[in-house]
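Asks: Chains as they are written, first to last, in our numbering: chain A, 6 to 74; chain B, 4 to 539.
There's a structure below that I have some questions on.
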């Protein structure tokens, strides 16, 4: 998948891969979201922020995929 | 009674439709010859992005998940929501790993994770251990899919085991005939139904219950009133570590399950896998909403169906909520979504288990020169045996036994991570070190699970996966996911064992893979192609 010069070995290394750390780390930091307030559409912070992390995950994996294609 | 008839008719019609699809699937994308594991067991290894999205989504988010996760949220609150961070973390975590696994499997024709370990570490023993771990972890998972079907049948007032036996007999027949093509085709129906039902549920039910705010308030009021210290709509000081390690440990374990890998290996190139890592979180969104059905059930005052043992069966909470809230015909659709939701993973799991037996036990130990057609034959038969076993598990044993086993399954499948997961990155580990690590991790994991009581059900052992750190002599009420700690033990022993075996100059296995294999893509020659070229 990685664009490759002739004679150069393929690899999946790329600085962009570090972006994948973000959606892995964020949902595991409970101090960020372990609270009731502020609520959004009636959802406590605990629920809406964790659901929002899905978007971070989608965004990061999409960027890494496109930049390393 | 009439309400149940409407529900049953809708349920039966949808169930029959997918059964027909299961048989027709044998003709879908038909190869010249289906008699090989690459065709029967992996659908021709040629699925594109859309099919893979439905197939893997239908495989990972099982019927049991749909009833058990909201039931956990109903009972314990925030802790049950771990399923969401778990499924957010997993995709970026395996993004690069699965692409490597696909490439090396593509080049060497691997069908199971144990195939990879066999070639990478040159050790039939280690491969056998990985295969048996996979089988033991998968079997109770198949049985649990029956628990999902049983939960909806119970809510419709259908009791007795005959309907489940019929459902599984049909499933067994079309899986035998069509292989992985059957669940791949049915997954389209399953996932579409699930999306419709859940989106309807999260719009319709809160509107009837006075909005999301009052749903969460009702849940908070319930948890505040109970004496149990671990529940609530947010986490407390003692279960945060459990929440994080459970989410992370489950994410590490997910793609070690043989059936998860089956869906991945069936895709046609690396790009399909990477695109799916970005697209599969759509199901995580769905799972988050499904989890919140547990709070809706609290706000609606839903009562589960009382089981044969006189206790309320918590797994019927969500079907009961649908029964209470939806018009009968739509409740029938919802039940069908759960019922069909059980068939897709059950089919894939039985195929994965059958492939493990065929490749890593039958061909390794019983018939070394097995042809492709013989392998396919054995796998098809074993897939039947596996399903009969799952039905017997539910009929003859307490279903609780399967639930306990599945809990253990998650912990033990994690013990294959050093060989399967890290093995994709490094060949540093000595095969002896990996075996020693596995033994240590398994022992530690099972011991820790044994030490977990569940006061709510009065069980002294195997009461959950939250291991109290006080068992290790620490003065705290904090708990941690047993699998996570067991994996740490495994890794430490594997490292020490590797150093020891190296120092003693114990012979290590040959590595049959080379660096370039891990980045190969569609269009590159594979061993299979090379074999064909040589025989001409």
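Don't be surprised by glycine CBs; every beta carbon is placed ideally from N, CA and C.
Given the structure is predicted, the values throughout are model-derived calculations rather than measurements.
Quick one, are the C-beta atoms of residue 40 of chain B and residue 150 of chain B less than 8 Å apart?
Replies: As a position in the second chain, residue 40 of chain B is number 37, starting the count at 1. As a position in the second chain, residue 150 of chain B is number 147, starting the count at 1. Result no, Cβ atoms of residue 40 of chain B and residue 150 of chain B do not sit closer than 8 Å.
Asks: Taking beta-carbon pairs under 8 Å, can you tell me which members of the region 103 to 116 of chain B lie near chain A?
Replies: 103
Asks: Would you say residue 543 of chain B faces chain A, with C-beta separation under 8 Å as the test?
Replies: This structure cannot settle anything about residue 543 of chain B, because the visible part of chain B is limited to 4 through 539.
Asks: Anything in the region 259 to 277 of chain B with a Cβ closer than 8 Å to a Cβ of chain D? List those residues in chain order, please.
Replies: Any reference to chain D falls outside this structure, whose protein chains are A and B.
Asks: Given a threshold of 16 other Cβ atoms within 10 Å of its Cβ, counted over all protein chains shown, does residue 10 of chain B qualify as buried or as exposed?
Replies: Position 7 of the second chain, counting from 1, holds the residue named residue 10 of chain B. Residue 10 of chain B comes out buried.
Asks: Name the chain B residues that come within less than 8 Å of residue 33 of chain A, Cβ to Cβ?
Replies: Taking the first chain and counting its residues from 1, one reaches residue 33 of chain A at position 28. Within 8 Å Cβ-Cβ: 88, 92, 247, 250, 251.
Asks: Identify which residue in B/345, B/409, B/353, B/499 has its Cα closest to the Cα of residue 386 of chain B.
Replies: Counting from one through the second chain, the residue named residue 386 of chain B turns up at place 383. Residue 386 of chain B has its Cα closest to that of B/353, out of B/345, B/409, B/353, B/499.
Asks: Out of B/454, B/470, B/473, state which residue places its alpha-carbon closest to the alpha-carbon of residue 464 of chain B.
Replies: To locate residue 464 of chain B, count along the second chain from 1; it is residue 461. Considering only alpha carbons, the answer is B/454.
Asks: Per the DSSP calculation, residue 309 of chain B is bridged to which residue(s)?
Replies: By one-based count along the second chain, residue 309 of chain B stands at place 306. B/315.
Asks: With a 10 Å radius around its C-beta and 16 neighbouring C-beta atoms as the bar for buried, classify residue 523 of chain B as buried or exposed.
Replies: In the second chain, the residue the question calls residue 523 of chain B occupies position 520. Classification of residue 523 of chain B: buried, given that the 10 Å Cβ count is 16 or more.
Asks: I want to see whether chain A comes within less than 8 Å of residue 291 of chain B, judged by CB atoms only; does it?
Replies: For the purposes of this step, residue 291 of chain B is identified with residue 288 of the second chain, where counting begins at 1. It does; some Cβ of chain A falls within 8 Å.
Asks: Hey, could you find the ends of the alpha helix (DSSP H) residue 203 of chain B is sitting in?
Replies: In the second chain, counting from the first residue as 1, residue 203 of chain B sits at position 200. 184 to 212 is the extent of the alpha helix (DSSP H) around residue 203 of chain B.
Asks: Could you check how far apart the C-beta atoms of residue 100 of chain B and residue 521 of chain B are, in whole angstroms? I think they sit under 8 Å.
Replies: If you number the second chain from 1, residue 100 of chain B lands on position 97. If you number the second chain from 1, residue 521 of chain B lands on position 518. The beta-carbon distance between residue 100 of chain B and residue 521 of chain B, rounded to whole angstroms, is 10 Å. This is too long to meet the 8 Å contact definition.
Asks: Restricting to Cα atoms, I'd like to know which of B/423, B/333, B/250 is closest to residue 132 of chain B.
Replies: Start at 1 with the first residue of the second chain, and residue 132 of chain B comes out as number 129. Of the listed residues, the one whose Cα sits closest to residue 132 of chain B is B/423.
Asks: Let's see if you can read the secondary structure: which residues bound the alpha helix (DSSP H) around residue 471 of chain B?
Replies: Reading the second chain from its first residue, position 468 is the one you call residue 471 of chain B. From DSSP, residue 471 of chain B is part of no alpha helix (DSSP H) but of the beta strand (DSSP E) over 469 to 471.
Asks: What three-state label does DSSP hand residue 258 of chain B in the structure shown?
Replies: For this step, residue 258 of chain B is matched to residue 255 along the second chain. The answer is coil: DSSP assigns residue 258 of chain B none of H, G, I, E or B.
Asks: What does residue 20 of chain A reach in chain B if we use C-beta pairs closer than 7 Å?
Replies: Walking along the first chain from the start, residue 20 of chain A turns up at place 15. Correct list: empty, because the minimum Cβ distance to chain B is about 13 Å.
Asks: Return no unless some Cβ of chain A is closer than 8 Å to the Cβ of residue 528 of chain B.
Replies: Within the second chain, residue 528 of chain B is the residue found at index 525, counting from 1. It does not: the Cβ of residue 528 of chain B has no partner Cβ on chain A nearer than 8 Å.
Asks: When the cut-off is 8 Å and only beta carbons count, does residue 37 of chain A lie next to chain B?
Replies: On the first chain, residue 37 of chain A is found 32 positions in, with the first residue counted as 1. For residue 37 of chain A, the answer is no, since every Cβ of chain B falls outside 8 Å of its Cβ.
Asks: Would you list the one or two residues that DSSP bridges to residue 45 of chain A?
Replies: The residue given as residue 45 of chain A occupies position 40 in the first chain. DSSP, once it has assigned bridges, lists A/48 as partnering residue 45 of chain A.
Asks: What's the C-alpha gap between residue 471 of chain B and residue 27 of chain B?
Replies: As a first step, residue 471 of chain B must be located in the second chain, where it is residue number 468. As a first step, residue 27 of chain B must be located in the second chain, where it is residue number 24. Between residue 471 of chain B and residue 27 of chain B, the C-alpha separation is close to 51 Å.
Asks: For a test of your reading of the model: does the CB of residue 162 of chain B fall under 7 Å from any non-hydrogen atom of the ligand NAD? Yes or no.
Replies: Ligands displayed in this structure: none; no statement on the ligand NAD is therefore possible.
Asks: Which whole-angstrom value describes the C-beta separation of residue 318 of chain B and residue 154 of chain B, a residue pair presumed to lie in contact below a C-beta threshold of 8 Å?
Replies: Here the question's residue 318 of chain B lines up with position 315 in the second chain. Here the question's residue 154 of chain B lines up with position 151 in the second chain. 4 Å between Cβ atoms; contact.
Asks: Please decide whether residue 28 of chain A counts as near chain B, where near means a Cβ-Cβ distance under 8 Å.
Replies: If you number the first chain from 1, residue 28 of chain A lands on position 23. Cβ-Cβ to chain B under 8 Å: yes for residue 28 of chain A.
Asks: Buried or exposed: which applies to residue 213 of chain B, given that a residue is buried once 16 or more other Cβ atoms fall within 10 Å of its Cβ?
Replies: By one-based count along the second chain, residue 213 of chain B stands at place 210. With fewer than 16 other Cβ atoms within 10 Å, it is exposed.
Asks: By how many angstroms is the C-alpha of residue 279 of chain B removed from the C-alpha of residue 15 of chain A?
Replies: Counted from its first residue, the first chain places residue 15 of chain A at position 10. Counted from its first residue, the second chain places residue 279 of chain B at position 276. The alpha-carbon atoms of residue 15 of chain A and residue 279 of chain B are separated by roughly 22 Å.
Asks: When you compare the region 118 to 138 of chain B with the region 363 to 373 of chain B, are there three or more beta-carbon pairs, one atom per stretch, that lie closer than 8 Å?
Replies: yes
Asks: Any idea what DSSP makes of residue 483 of chain B, helix, strand or coil?
Replies: By one-based count along the second chain, residue 483 of chain B stands at place 480. Residue 483 of chain B falls in the strand class under three-state DSSP.
Asks: Is it true that the CB of residue 276 of chain B sits closer than 8 Å to the CB of residue 102 of chain B?
Replies: Taking the first residue of the second chain as position 1, residue 102 of chain B is located at position 99. Taking the first residue of the second chain as position 1, residue 276 of chain B is located at position 273. Closer than 8 Å, so yes.
Asks: Could you name the residues that DSSP lists as bridge partners for residue 462 of chain B?
Replies: Sequence index remark: in the second chain, residue 462 of chain B carries index 459 (1-based). Per DSSP, B/457.
Asks: When you compare the region 42 to 51 of chain B with the region 178 to 190 of chain B, are there three or more beta-carbon pairs, one atom per stretch, that lie closer than 8 Å?
Replies: Touching, per the Cβ criterion.
Asks: Might you give, ordered along the chain, the residues of its own chain that have their beta carbon closer than 8 Å to the beta carbon of residue 55 of chain A, omitting 5 neighbours on each side?
Replies: Numbered from 1 along the first chain, position 50 holds the residue referred to as residue 55 of chain A. Cβ neighbours of residue 55 of chain A beyond the five flanking positions: 32, 38.
Asks: Out of B/324, B/200, B/52, B/187, which has the shortest C-alpha to C-alpha gap to residue 158 of chain B?
Replies: One-based indexing of the second chain puts residue 158 of chain B at position 155. Closest option to residue 158 of chain B, Cα to Cα, is B/324.
Asks: Just mark residue 53 of chain B as buried or exposed, buried being the case when its beta carbon has 16 or more other beta carbons within 10 Å.
Replies: Translated into the one-based positions of the second chain, residue 53 of chain B becomes position 50. In the assembly as shown, residue 53 of chain B is an exposed residue. Its beta-carbon has fewer than 16 other beta-carbons within 10 Å.
Asks: Anything in chain B within Cβ reach of residue 49 of chain A, meaning under 8 Å, just list it in chain order.
Replies: By one-based count along the first chain, residue 49 of chain A stands at place 44. Those within 8 Å of residue 49 of chain A in chain B are 219, 236, 237.
Asks: Who are the near neighbours of residue 124 of chain B in its chain, counting only those whose CB is closer than 6 Å to its CB and skipping five residues on each side?
Replies: Translated into the one-based positions of the second chain, residue 124 of chain B becomes position 121. For residue 124 of chain B, same chain residues with a beta-carbon under 6 Å away, outside a window of 5 residues either side, are 434, 512 in chain order.
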